[in-house]
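Student: First residue of the sequence shown: 428, per my numbering; consecutive thereafter. Glycine included, C-beta positions come from ideal geometry on N, C-alpha and C. Sharing a structure below in C-alpha coordinates format, with a few things to ask.
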Amino acid sequence: MIPTDIVTRARDRSIVDVALALGAAEGVKIDERGVACPGCGGTDRFSIDKAKNVFLCRHSGAGGDPIALVQHVHGLSFGDAIEMLTGEKALPAAARQPAPSDDDKNIWREKARLRAWKIWRNGAPIEPERGGHWVRDYFSLRAIPFPAWRIKALREVSSLAYWHRAKAGDDFRVIHSGPAMLAAITGPDGHFIGVHRTWLDFSRPNGKAAIADPAGDGILDAKKVEGSQKGGKIVLRDGADCHRLALGEGNETVLSWDSIRGAPDMALWVGVNIGNIAGKAAEQIPHPSLMLTDRIGRQRRQKVGGHEPDLTDTDCLQIPADDFEKLILLGDSDSDRFTTQAAMLRARNRFELTGHDAEIDWAPDGQDFNDVLKSLASRAASPPAAAGAPAGRAIGRDARSGLRPAAGEAA
(Lines of atoms letter the chains of each structure in order from A and count residues from 1; the text may use other names and numbers.)
(Lines give C-alpha, C1' and ligand atoms only; values in the text may rest on other atoms or scores of the structure.)
Protein backbone atom coordinates (compact mmCIF):
# COMPACT_ATOMS: atom_id res chain seq x y z
CA MET A 1 0.00 0.00 0.00
CA ILE A 2 1.34 3.44 -0.95
CA PRO A 3 0.08 6.56 0.87
CA THR A 4 -1.92 8.89 -1.36
CA ASP A 5 0.35 11.88 -0.74
CA ILE A 6 3.37 9.94 -2.03
CA VAL A 7 1.52 8.86 -5.17
CA THR A 8 0.46 12.47 -5.72
CA ARG A 9 4.04 13.68 -5.29
CA ALA A 10 5.24 11.21 -7.91
CA ARG A 11 2.47 12.20 -10.33
CA ASP A 12 3.25 15.89 -9.84
CA ARG A 13 6.84 15.51 -11.04
CA SER A 14 7.49 17.47 -14.24
CA ILE A 15 6.98 15.15 -17.21
CA VAL A 16 9.69 17.14 -19.04
CA ASP A 17 12.27 16.62 -16.29
CA VAL A 18 11.46 12.94 -15.97
CA ALA A 19 11.60 12.38 -19.74
CA LEU A 20 14.99 14.12 -19.99
CA ALA A 21 16.31 12.18 -17.02
CA LEU A 22 15.25 8.94 -18.68
CA GLY A 23 17.18 9.77 -21.85
CA ALA A 24 14.77 11.68 -24.10
CA ALA A 25 16.32 14.21 -26.50
CA GLU A 26 16.28 17.94 -25.68
CA GLY A 27 13.60 18.48 -28.34
CA VAL A 28 11.07 16.89 -25.99
CA LYS A 29 10.92 20.24 -24.17
CA ILE A 30 8.81 21.52 -27.07
CA ASP A 31 5.17 20.48 -26.71
CA GLU A 32 4.00 17.96 -29.31
CA ARG A 33 7.45 17.61 -30.88
CA GLY A 34 8.23 13.97 -31.58
CA VAL A 35 11.58 12.54 -30.47
CA ALA A 36 12.99 9.05 -30.02
CA CYS A 37 11.26 7.16 -27.21
CA PRO A 38 13.59 6.60 -24.21
CA GLY A 39 11.89 3.24 -23.76
CA CYS A 40 11.67 1.72 -27.24
CA GLY A 41 13.66 3.96 -29.60
CA GLY A 42 12.45 5.08 -33.02
CA THR A 43 12.91 8.66 -34.20
CA ASP A 44 9.79 10.71 -33.49
CA ARG A 45 7.32 8.40 -31.77
CA PHE A 46 7.53 10.03 -28.31
CA SER A 47 6.05 13.36 -27.24
CA ILE A 48 4.73 15.13 -24.15
CA ASP A 49 1.95 17.52 -23.22
CA LYS A 50 3.32 19.87 -20.58
CA ALA A 51 -0.09 21.32 -19.70
CA LYS A 52 -1.49 17.87 -18.92
CA ASN A 53 1.87 16.57 -17.60
CA VAL A 54 1.60 13.38 -19.67
CA PHE A 55 3.56 11.52 -22.35
CA LEU A 56 2.60 9.38 -25.32
CA CYS A 57 4.60 6.71 -27.17
CA ARG A 58 2.84 6.27 -30.48
CA HIS A 59 4.66 3.04 -31.26
CA SER A 60 3.66 1.02 -28.21
CA GLY A 61 0.54 2.99 -27.30
CA ALA A 62 1.92 3.62 -23.80
CA GLY A 63 1.09 6.95 -22.24
CA GLY A 64 0.24 8.73 -19.01
CA ASP A 65 1.82 10.53 -16.08
CA PRO A 66 5.44 10.45 -14.83
CA ILE A 67 4.79 7.18 -12.98
CA ALA A 68 3.60 5.52 -16.19
CA LEU A 69 6.64 6.91 -18.03
CA VAL A 70 9.10 5.34 -15.57
CA GLN A 71 7.18 2.06 -15.83
CA HIS A 72 7.32 2.22 -19.65
CA VAL A 73 11.07 2.89 -19.83
CA HIS A 74 12.31 0.59 -17.06
CA GLY A 75 9.56 -2.03 -16.93
CA LEU A 76 9.02 -1.36 -13.21
CA SER A 77 6.00 -2.06 -11.06
CA PHE A 78 3.80 0.85 -9.96
CA GLY A 79 5.40 0.84 -6.51
CA ASP A 80 8.97 0.63 -7.80
CA ALA A 81 8.32 3.50 -10.22
CA ILE A 82 7.06 5.65 -7.35
CA GLU A 83 10.11 4.76 -5.28
CA MET A 84 12.35 5.79 -8.18
CA LEU A 85 10.57 9.15 -8.47
CA THR A 86 10.25 9.97 -4.77
CA GLY A 87 12.66 7.76 -2.84
CA GLU A 88 9.72 6.47 -0.77
CA LYS A 89 9.14 2.73 -0.47
CA ALA A 90 5.65 1.27 -0.44
CA LEU A 91 4.16 -0.19 2.72
CA PRO A 92 3.53 -3.97 2.69
CA ALA A 93 1.06 -4.57 -0.10
CA ALA A 94 -2.48 -5.70 0.54
CA ALA A 95 -4.03 -8.49 -1.50
CA ARG A 96 -4.05 -7.63 -5.19
CA GLN A 97 -6.20 -8.67 -8.07
CA PRO A 98 -4.79 -11.82 -9.67
CA ALA A 99 -2.68 -11.21 -12.76
CA PRO A 100 -3.95 -12.53 -16.08
CA SER A 101 -3.27 -16.24 -16.42
CA ASP A 102 -0.73 -17.57 -18.90
CA ASP A 103 -3.63 -19.02 -20.88
CA ASP A 104 -5.26 -15.58 -21.16
CA LYS A 105 -1.97 -14.03 -22.25
CA ASN A 106 -1.39 -16.74 -24.84
CA ILE A 107 -4.89 -16.26 -26.28
CA TRP A 108 -4.26 -12.52 -26.63
CA ARG A 109 -0.84 -13.08 -28.23
CA GLU A 110 -2.24 -15.55 -30.74
CA LYS A 111 -5.02 -13.15 -31.75
CA ALA A 112 -2.43 -10.41 -32.30
CA ARG A 113 -0.19 -12.80 -34.26
CA LEU A 114 -3.08 -13.78 -36.54
CA ARG A 115 -3.88 -10.11 -37.20
CA ALA A 116 -0.21 -9.56 -38.06
CA TRP A 117 -0.14 -12.64 -40.30
CA LYS A 118 -3.16 -11.37 -42.26
CA ILE A 119 -1.39 -8.06 -42.89
CA TRP A 120 1.81 -9.84 -43.94
CA ARG A 121 0.02 -12.35 -46.15
CA ASN A 122 -1.63 -9.52 -48.10
CA GLY A 123 1.73 -7.91 -48.89
CA ALA A 124 3.39 -8.10 -52.31
CA PRO A 125 7.03 -8.82 -53.30
CA ILE A 126 9.41 -5.84 -53.20
CA GLU A 127 11.56 -6.88 -56.18
CA PRO A 128 11.02 -4.68 -59.27
CA GLU A 129 11.09 -7.74 -61.55
CA ARG A 130 8.13 -9.06 -59.53
CA GLY A 131 6.18 -5.81 -59.71
CA GLY A 132 7.52 -4.11 -56.59
CA HIS A 133 8.43 -0.43 -56.45
CA TRP A 134 7.39 1.11 -53.11
CA VAL A 135 10.32 -0.26 -51.10
CA ARG A 136 12.76 0.30 -53.99
CA ASP A 137 11.75 3.98 -54.16
CA TYR A 138 11.87 4.34 -50.38
CA PHE A 139 15.38 2.91 -50.24
CA SER A 140 16.44 5.19 -53.09
CA LEU A 141 15.19 8.23 -51.19
CA ARG A 142 17.25 7.11 -48.18
CA ALA A 143 20.34 6.51 -50.42
CA ILE A 144 20.17 2.76 -49.70
CA PRO A 145 21.09 0.65 -52.76
CA PHE A 146 18.40 -1.89 -53.53
CA PRO A 147 19.72 -5.26 -52.26
CA ALA A 148 21.16 -7.62 -54.85
CA TRP A 149 19.76 -10.60 -52.93
CA ARG A 150 16.14 -11.44 -52.25
CA ILE A 151 14.95 -10.35 -48.80
CA LYS A 152 12.17 -12.76 -47.93
CA ALA A 153 11.32 -10.82 -44.76
CA LEU A 154 10.28 -7.64 -46.62
CA ARG A 155 7.05 -7.03 -48.49
CA GLU A 156 5.09 -3.97 -49.54
CA VAL A 157 1.48 -2.90 -49.84
CA SER A 158 0.02 -0.01 -51.83
CA SER A 159 -2.56 0.92 -49.20
CA LEU A 160 -2.54 -0.06 -45.52
CA ALA A 161 -4.90 1.29 -42.87
CA TYR A 162 -3.35 3.06 -39.88
CA TRP A 163 -5.50 2.32 -36.83
CA HIS A 164 -5.24 4.65 -33.85
CA ARG A 165 -6.91 5.44 -30.56
CA ALA A 166 -6.33 8.61 -28.60
CA LYS A 167 -6.16 6.93 -25.19
CA ALA A 168 -6.78 3.64 -23.46
CA GLY A 169 -10.46 2.76 -23.47
CA ASP A 170 -11.23 4.57 -26.71
CA ASP A 171 -12.17 2.65 -29.85
CA PHE A 172 -9.54 2.23 -32.56
CA ARG A 173 -10.31 3.97 -35.84
CA VAL A 174 -8.58 4.40 -39.20
CA ILE A 175 -6.97 7.84 -39.48
CA HIS A 176 -4.70 7.23 -42.48
CA SER A 177 -4.25 4.83 -45.38
CA GLY A 178 -1.22 4.67 -47.63
CA PRO A 179 1.66 2.60 -48.99
CA ALA A 180 3.77 0.74 -46.47
CA MET A 181 6.83 -1.47 -46.11
CA LEU A 182 6.16 -4.69 -44.20
CA ALA A 183 8.83 -6.66 -42.32
CA ALA A 184 8.21 -10.11 -40.88
CA ILE A 185 9.34 -10.62 -37.27
CA THR A 186 10.31 -14.19 -36.45
CA GLY A 187 10.79 -15.77 -33.05
CA PRO A 188 13.63 -17.94 -31.70
CA ASP A 189 12.24 -20.98 -33.51
CA GLY A 190 12.02 -19.12 -36.84
CA HIS A 191 8.24 -18.93 -36.85
CA PHE A 192 6.31 -15.73 -37.60
CA ILE A 193 5.34 -13.72 -34.48
CA GLY A 194 4.61 -10.21 -35.79
CA VAL A 195 4.87 -7.62 -38.53
CA HIS A 196 6.73 -4.30 -38.49
CA ARG A 197 5.07 -1.64 -40.65
CA THR A 198 6.53 1.60 -42.05
CA TRP A 199 4.06 3.95 -43.75
CA LEU A 200 5.61 5.78 -46.71
CA ASP A 201 5.31 9.22 -48.28
CA PHE A 202 7.90 10.13 -50.91
CA SER A 203 7.08 13.84 -50.72
CA ARG A 204 8.88 13.92 -47.35
CA PRO A 205 12.69 14.01 -47.03
CA ASN A 206 12.90 10.79 -45.00
CA GLY A 207 10.25 8.98 -47.06
CA LYS A 208 8.07 8.25 -44.03
CA ALA A 209 4.46 9.38 -43.81
CA ALA A 210 3.59 12.31 -41.54
CA ILE A 211 0.39 11.07 -39.89
CA ALA A 212 -1.31 13.81 -37.91
CA ASP A 213 -2.78 12.94 -34.53
CA PRO A 214 -6.51 13.75 -34.77
CA ALA A 215 -6.38 15.01 -31.19
CA GLY A 216 -3.91 17.68 -32.27
CA ASP A 217 -0.99 16.09 -30.42
CA GLY A 218 1.53 16.41 -33.24
CA ILE A 219 2.70 13.71 -35.63
CA LEU A 220 2.24 10.01 -34.93
CA ASP A 221 4.99 7.43 -35.42
CA ALA A 222 5.04 6.11 -38.99
CA LYS A 223 6.40 2.79 -37.69
CA LYS A 224 4.30 0.30 -35.73
CA VAL A 225 4.38 -3.37 -34.78
CA GLU A 226 1.40 -5.73 -34.84
CA GLY A 227 1.84 -8.99 -32.97
CA SER A 228 4.91 -9.60 -30.82
CA GLN A 229 8.48 -8.31 -31.03
CA LYS A 230 9.91 -9.71 -27.78
CA GLY A 231 12.76 -12.07 -28.57
CA GLY A 232 12.14 -11.57 -32.28
CA LYS A 233 14.21 -10.36 -35.21
CA ILE A 234 13.82 -9.34 -38.85
CA VAL A 235 16.15 -11.43 -41.02
CA LEU A 236 17.40 -9.26 -43.90
CA ARG A 237 20.04 -11.77 -44.96
CA ASP A 238 19.91 -15.39 -43.88
CA GLY A 239 22.78 -16.76 -41.85
CA ALA A 240 22.70 -20.32 -43.20
CA ASP A 241 26.15 -20.00 -44.81
CA CYS A 242 27.40 -16.99 -42.82
CA HIS A 243 29.88 -16.96 -39.95
CA ARG A 244 29.33 -13.31 -38.95
CA LEU A 245 26.20 -11.40 -37.96
CA ALA A 246 25.53 -7.65 -38.03
CA LEU A 247 22.70 -6.70 -35.67
CA GLY A 248 21.03 -3.28 -35.42
CA GLU A 249 17.76 -1.64 -34.38
CA GLY A 250 16.16 -0.80 -37.73
CA ASN A 251 15.98 -1.99 -41.33
CA GLU A 252 17.41 1.30 -42.60
CA THR A 253 20.32 1.25 -40.14
CA VAL A 254 21.34 -2.33 -40.95
CA LEU A 255 21.08 -1.96 -44.73
CA SER A 256 22.91 1.39 -44.61
CA TRP A 257 25.74 -0.14 -42.59
CA ASP A 258 25.91 -3.06 -45.03
CA SER A 259 26.21 -0.61 -47.94
CA ILE A 260 29.07 1.23 -46.21
CA ARG A 261 31.20 -1.71 -45.11
CA GLY A 262 29.28 -4.96 -45.07
CA ALA A 263 30.20 -8.19 -46.82
CA PRO A 264 28.11 -10.74 -48.74
CA ASP A 265 29.11 -13.50 -46.32
CA MET A 266 27.60 -11.64 -43.36
CA ALA A 267 24.11 -12.27 -41.99
CA LEU A 268 21.99 -9.17 -41.35
CA TRP A 269 19.40 -9.02 -38.56
CA VAL A 270 17.20 -6.26 -37.19
CA GLY A 271 16.43 -6.42 -33.46
CA VAL A 272 13.45 -3.99 -33.75
CA ASN A 273 14.43 -1.94 -30.65
CA ILE A 274 17.42 -1.54 -28.38
CA GLY A 275 15.64 -3.05 -25.38
CA ASN A 276 15.07 -6.28 -27.27
CA ILE A 277 18.75 -6.38 -28.27
CA ALA A 278 20.25 -5.42 -24.89
CA GLY A 279 17.81 -7.12 -22.52
CA LYS A 280 17.24 -6.07 -18.93
CA ALA A 281 20.08 -4.75 -16.78
CA ALA A 282 21.34 -6.42 -13.62
CA GLU A 283 21.60 -3.00 -11.97
CA GLN A 284 21.01 0.70 -12.50
CA ILE A 285 23.92 3.14 -12.87
CA PRO A 286 23.94 6.95 -12.41
CA HIS A 287 23.79 9.13 -15.51
CA PRO A 288 26.67 11.66 -15.56
CA SER A 289 24.50 14.69 -16.32
CA LEU A 290 20.76 13.94 -16.08
CA MET A 291 19.34 14.78 -12.66
CA LEU A 292 16.18 14.20 -10.63
CA THR A 293 14.97 16.13 -7.58
CA ASP A 294 13.92 14.05 -4.58
CA ARG A 295 11.05 14.77 -2.18
CA ILE A 296 13.05 17.20 -0.04
CA GLY A 297 14.52 19.08 -2.98
CA ARG A 298 17.89 17.36 -3.25
CA GLN A 299 19.38 16.83 -6.71
CA ARG A 300 20.19 13.21 -7.51
CA ARG A 301 21.62 11.62 -10.60
CA GLN A 302 19.09 9.79 -12.73
CA LYS A 303 19.81 6.09 -13.01
CA VAL A 304 19.72 4.11 -16.24
CA GLY A 305 20.22 0.45 -17.08
CA GLY A 306 23.84 -0.53 -16.51
CA HIS A 307 26.40 -2.49 -18.52
CA GLU A 308 25.83 -5.87 -16.90
CA PRO A 309 22.93 -7.97 -18.20
CA ASP A 310 20.26 -9.70 -16.18
CA LEU A 311 20.79 -13.22 -17.46
CA THR A 312 17.40 -14.31 -16.14
CA ASP A 313 15.76 -12.18 -18.85
CA THR A 314 14.70 -14.68 -21.49
CA ASP A 315 12.25 -12.39 -23.31
CA CYS A 316 14.96 -10.48 -25.20
CA LEU A 317 16.68 -11.58 -28.42
CA GLN A 318 18.61 -14.81 -27.99
CA ILE A 319 21.35 -16.00 -30.39
CA PRO A 320 22.69 -19.55 -29.95
CA ALA A 321 26.47 -19.45 -29.43
CA ASP A 322 27.20 -21.86 -32.28
CA ASP A 323 25.20 -19.91 -34.90
CA PHE A 324 27.87 -17.28 -35.64
CA GLU A 325 31.58 -16.85 -34.96
CA LYS A 326 31.38 -13.04 -34.76
CA LEU A 327 28.66 -10.52 -33.83
CA ILE A 328 28.87 -6.85 -34.83
CA LEU A 329 26.40 -4.68 -32.91
CA LEU A 330 25.47 -1.45 -34.71
CA GLY A 331 25.28 1.55 -32.41
CA ASP A 332 23.32 4.61 -33.51
CA SER A 333 24.52 7.89 -31.97
CA ASP A 334 21.48 10.09 -32.61
CA SER A 335 20.06 9.89 -29.06
CA ASP A 336 21.49 10.20 -25.53
CA ARG A 337 24.93 8.60 -25.94
CA PHE A 338 25.42 7.52 -22.33
CA THR A 339 22.11 5.66 -22.11
CA THR A 340 22.52 4.10 -25.56
CA GLN A 341 26.14 3.13 -24.87
CA ALA A 342 25.17 1.47 -21.59
CA ALA A 343 22.54 -0.58 -23.42
CA MET A 344 24.91 -1.57 -26.22
CA LEU A 345 27.64 -2.56 -23.75
CA ARG A 346 25.03 -4.62 -21.93
CA ALA A 347 24.13 -6.33 -25.21
CA ARG A 348 27.79 -7.04 -25.98
CA ASN A 349 28.41 -8.40 -22.49
CA ARG A 350 25.28 -10.56 -22.64
CA PHE A 351 26.28 -12.10 -25.96
CA GLU A 352 29.88 -12.63 -24.81
CA LEU A 353 28.68 -14.35 -21.64
CA THR A 354 26.72 -16.76 -23.82
CA GLY A 355 29.77 -17.64 -25.92
CA HIS A 356 29.95 -15.05 -28.71
CA ASP A 357 32.80 -12.87 -29.93
CA ALA A 358 31.02 -9.50 -30.08
CA GLU A 359 32.01 -5.91 -30.84
CA ILE A 360 30.18 -2.59 -31.22
CA ASP A 361 30.48 -0.40 -34.31
CA TRP A 362 29.33 3.17 -33.57
CA ALA A 363 28.01 5.78 -35.97
CA PRO A 364 29.56 9.26 -35.51
CA ASP A 365 28.13 11.39 -32.70
CA GLY A 366 24.70 12.78 -33.52
CA GLN A 367 24.16 10.42 -36.46
CA ASP A 368 22.90 6.99 -37.36
CA PHE A 369 24.33 4.87 -40.18
CA ASN A 370 21.76 6.10 -42.67
CA ASP A 371 22.97 9.66 -42.01
CA VAL A 372 26.50 8.45 -42.79
CA LEU A 373 25.38 6.73 -45.99
CA LYS A 374 23.45 9.78 -47.20
CA SER A 375 26.47 11.97 -46.50
CA LEU A 376 28.68 9.64 -48.54
CA ALA A 377 26.15 9.61 -51.38
CA SER A 378 25.95 13.40 -51.33
CA ARG A 379 29.73 13.73 -51.49
CA ALA A 380 29.92 11.21 -54.32
CA ALA A 381 27.39 13.27 -56.29
CA SER A 382 29.27 16.55 -55.70
CA PRO A 383 31.71 17.98 -58.29
CA PRO A 384 35.29 16.66 -57.85
CA ALA A 385 37.67 18.74 -55.76
CA ALA A 386 39.98 21.15 -57.57
CA ALA A 387 43.45 19.90 -58.51
CA GLY A 388 45.77 19.99 -55.54
CA ALA A 389 42.96 20.08 -53.00
CA PRO A 390 43.38 17.59 -50.14
CA ALA A 391 41.33 14.44 -50.50
CA GLY A 392 38.63 13.83 -47.92
CA ARG A 393 39.20 11.05 -45.40
CA ALA A 394 37.18 7.91 -46.01
CA ILE A 395 34.55 6.95 -43.49
CA GLY A 396 35.99 4.44 -41.01
CA ARG A 397 36.67 3.86 -37.31
CA ASP A 398 38.92 6.56 -35.90
CA ALA A 399 39.40 8.09 -32.49
CA ARG A 400 37.10 11.04 -33.16
CA SER A 401 34.13 9.40 -34.83
CA GLY A 402 34.34 5.92 -33.35
CA LEU A 403 34.47 4.38 -36.83
CA ARG A 404 36.95 1.91 -38.27
CA PRO A 405 39.58 3.10 -40.84
CA ALA A 406 38.65 2.18 -44.39
CA ALA A 407 40.52 -0.65 -46.08
CA GLY A 408 44.10 0.30 -46.94
CA GLU A 409 44.06 3.40 -44.73
CA ALA A 410 46.39 3.97 -41.83
CA ALA A 411 44.77 3.97 -38.41
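1) Measuring only the C-alpha atoms, how far is P817 from S802?
2) Where V652 and W590 are concerned, what is the direct C-alpha to C-alpha distance, given to the nearest angstrom?
3) Mind checking R725: buried by the 16 CB within 10 Å criterion, or exposed?
4) Out of P552, P747, H499 and A649, point me to the one whose CA is closest to V731's CA.
5) Give the DSSP bridge partners of V420, in chain order.
6) Below 7 Å CB to CB, which residues in the same chain sit around G550 once its five sequence neighbours on both sides are set aside?
7) Based on Cα-Cα distance, which residue from S655, K635, K579 and R728 lies nearest to L647?
8) Are the beta-carbon atoms of I620 and F796 separated by less than 8 Å?
9) Counting Cβ pairs closer than 8 Å, one from the region 730-748 and one from the region 703-712, do we hit at least three?
10) Using 8 Å as the cut-off, can you tell me whether the region 601-618 makes contact with the region 439-454, which would need three or more C-beta pairs spanning the two stretches below that distance?
11) Going by CA-CA distance only, name the one from I494, P465, R569 and R764 that's closest to C484.
12) Can you name the start and end residues of the beta strand (DSSP E) that K545 belongs to?
13) What residue range does the beta strand (DSSP E) around I712 cover?
14) Quick one: is L738 buried, meaning 16 or more other Cβ sit within 10 Å of its Cβ, or exposed?
15) V699 by DSSP, collapsed to three states: which one?
16) According to DSSP, is D763 part of a helix, a strand, or is it coil?
17) Taking the Cβ atom as the reference point for each residue, do V622 and I638 lie within a distance shorter than 8 Å?
18) Where does D648 sit, in a helix, a strand or coil, going by DSSP?
19) A774 and L800: beta carbons closer than 8 Å?
20) Which whole-angstrom value describes the C-beta separation of Q729 and D761, a residue pair presumed to lie in contact below a C-beta threshold of 8 Å?
21) So if DSSP puts C743 in a beta bridge, which residue, or which two residues, is it bridged to?
22) Sorted by chain position, which residues of the same chain lie with C-beta nearer than 6 Å to R563's C-beta, five sequence neighbours on each side aside?
23) Buried or exposed for H714, going by 16 or more other Cβ atoms inside 10 Å?
24) Just the C-alpha distance for E510 and M718, rounded to the nearest angstrom, thanks.
25) DSSP three-state call for E735: helix, strand or coil?
26) Hey, would you say H486 sits closer than 8 Å to G502, going by beta carbons?
27) Per DSSP, what kind of secondary structure is A673 in: helix, strand or coil?
28) Taking I494 as part of the beta strand (DSSP E), name the residues at either end of that continuous run.
29) My understanding is that R540 touches G654, with C-beta atoms under 8 Å, so please give their C-beta distance in whole angstroms.
30) Candidates N700, G643 and L568: which alpha carbon is nearest L627's?
31) Give the single residue among P632, G645, I433 and D507 whose Cα lies nearest to the Cα of R457.
32) If K753 and H670 are in contact, beta carbons under 8 Å, what's the gap, nearest whole angstrom?
33) Tell me the DSSP secondary structure of I442 in three-state form.
Tutor: This is what the structure gives:
1) The residue you call residue 817 lines up with position 390 of the sequence shown. The residue you call residue 802 lines up with position 375 of the sequence shown. Summary for P817: the model assigns pLDDT 43, below 50, so the residue's position carries little reliability, and this model does not support an answer.
2) In the sequence shown, counting from the first residue as 1, residue 652 sits at position 225. In the sequence shown, counting from the first residue as 1, residue 590 sits at position 163. Approximately 12 Å between the Cα atoms of the pair.
3) The residue labelled residue 725 in the question sits at position 298 within the sequence shown. Exposed, since its Cβ has fewer than 16 Cβ neighbours within 10 Å.
4) For this step, residue 731 is matched to residue 304 along the sequence shown. The shortest Cα separation from V731 among P552, P747, H499 and A649 belongs to H499.
5) The first residue shown for the chain is 428 and the last is 838, placing residue 420 beyond what the model contains.
6) Start at 1 with the first residue of the sequence shown, and residue 550 comes out as number 123. Once the five neighbours on either side are set aside, the close Cβ partners of G550 are R582, E583, V584 and L609.
7) Here residue 647 corresponds to residue number 220 of the sequence shown, with the count starting at 1. With distances taken between Cα atoms, L647 lies closest to K635.
8) Here residue 620 refers to the residue found at position 193 when the sequence shown is read from its first residue. Here residue 796 refers to the residue found at position 369 when the sequence shown is read from its first residue. No, Cβ-Cβ distance for I620 and F796 is not below 8 Å.
9) Output reads yes: the region 703-712 touches the region 730-748.
10) Contact fails: fewer than three Cβ-Cβ distances are below 8 Å.
11) The residue labelled residue 484 in the question sits at position 57 within the sequence shown. Closest option to C484, Cα to Cα, is P465.
12) Here the question's residue 545 lines up with position 118 in the sequence shown. From DSSP, K545 is part of no beta strand (DSSP E) but of the alpha helix (DSSP H) over D529 to R548.
13) As a working mapping, residue 712 is identified with position 285 in the sequence shown. First-last of the beta strand (DSSP E) with I712: Q711 to T720.
14) Indexing the sequence shown from 1 puts residue 738 at position 311. Using a 10 angstroms sphere on the CB of L738, the tally of other CB atoms stays under 16, which defines it as exposed.
15) Looking up residue 699 in the sequence shown gives position 272. Note: V699 maps to coil in three-state DSSP.
16) Stepping through the sequence shown from its first residue, residue 763 is reached at position 336. D763 falls in the coil class under three-state DSSP.
17) For the purposes of this step, residue 622 is identified with residue 195 of the sequence shown, where counting begins at 1. For the purposes of this step, residue 638 is identified with residue 211 of the sequence shown, where counting begins at 1. No, the Cβ-Cβ distance between V622 and I638 is not below 8 Å.
18) Residue mapping note: residue 648 aligns to position 221 of the sequence shown, counting from 1. Judged by DSSP in its simplified three-state form, D648 adopts coil rather than helix or strand.
19) Along the sequence shown, read from residue 1 onward, the residue named residue 774 stands at position 347. Along the sequence shown, read from residue 1 onward, the residue named residue 800 stands at position 373. Result no, Cβ atoms of A774 and L800 do not sit closer than 8 Å.
20) Looking up residue 729 in the sequence shown gives position 302. Looking up residue 761 in the sequence shown gives position 334. That belief does not hold up - the Cβ atoms of Q729 and D761 are roughly 20 Å apart, past 8 Å.
21) What you label residue 743 is simply residue 316 of the sequence shown in a count that begins at 1. In DSSP, C743 forms no bridge with anything.
22) Residue 563 sits at position 136 when you count from the first residue of the sequence shown. Closer than 6 Å at Cβ, skipping near neighbours: P555 and F573.
23) The residue labelled residue 714 in the question sits at position 287 within the sequence shown. The residue in question, H714, is buried, as its Cβ has 16 or more Cβ neighbours within 10 Å.
24) For this step, residue 510 is matched to residue 83 along the sequence shown. For this step, residue 718 is matched to residue 291 along the sequence shown. Spanning the alpha carbons of E510 and M718 requires a straight line of approximately 15 Å.
25) By 1-based counting over the sequence shown, the position of residue 735 is 308. E735: coil per DSSP, three-state reduction.
26) As a first step, residue 486 is located in the sequence shown; it is residue number 59 there, counting from the start. As a first step, residue 502 is located in the sequence shown; it is residue number 75 there, counting from the start. Cβ atoms of H486 and G502: not closer than 8 Å.
27) Locating residue 673 in the sequence shown gives position 246, counting from the first residue. A673: strand per DSSP, three-state reduction.
28) Locating residue 494 in the sequence shown gives position 67, where the first residue counts as 1. From DSSP, I494 is part of no beta strand (DSSP E) but of the alpha helix (DSSP H) over P493 to H501.
29) Position 113 of the sequence shown, counted from the first residue, corresponds to residue 540. Position 227 of the sequence shown, counted from the first residue, corresponds to residue 654. R540 to G654, Cβ: 5 Å. Contact.
30) The residue labelled residue 627 in the question sits at position 200 within the sequence shown. If we check each option's Cα against that of L627, L568 comes out closest.
31) Numbered from 1 along the sequence shown, position 30 holds the residue referred to as residue 457. Note that residue 457 corresponds to Ile in the displayed sequence, not to Arg. Scanning P632, G645, I433 and D507 for the CA closest to the CA of I457 turns up G645.
32) Against the sequence shown, residue 753 aligns to sequence position 326. Against the sequence shown, residue 670 aligns to sequence position 243. About 7 Å separates the two Cβ atoms, so the contact holds.
33) What you label residue 442 is simply residue 15 of the sequence shown in a count that begins at 1. In this structure, I442 counts as helix in the three-state DSSP scheme.
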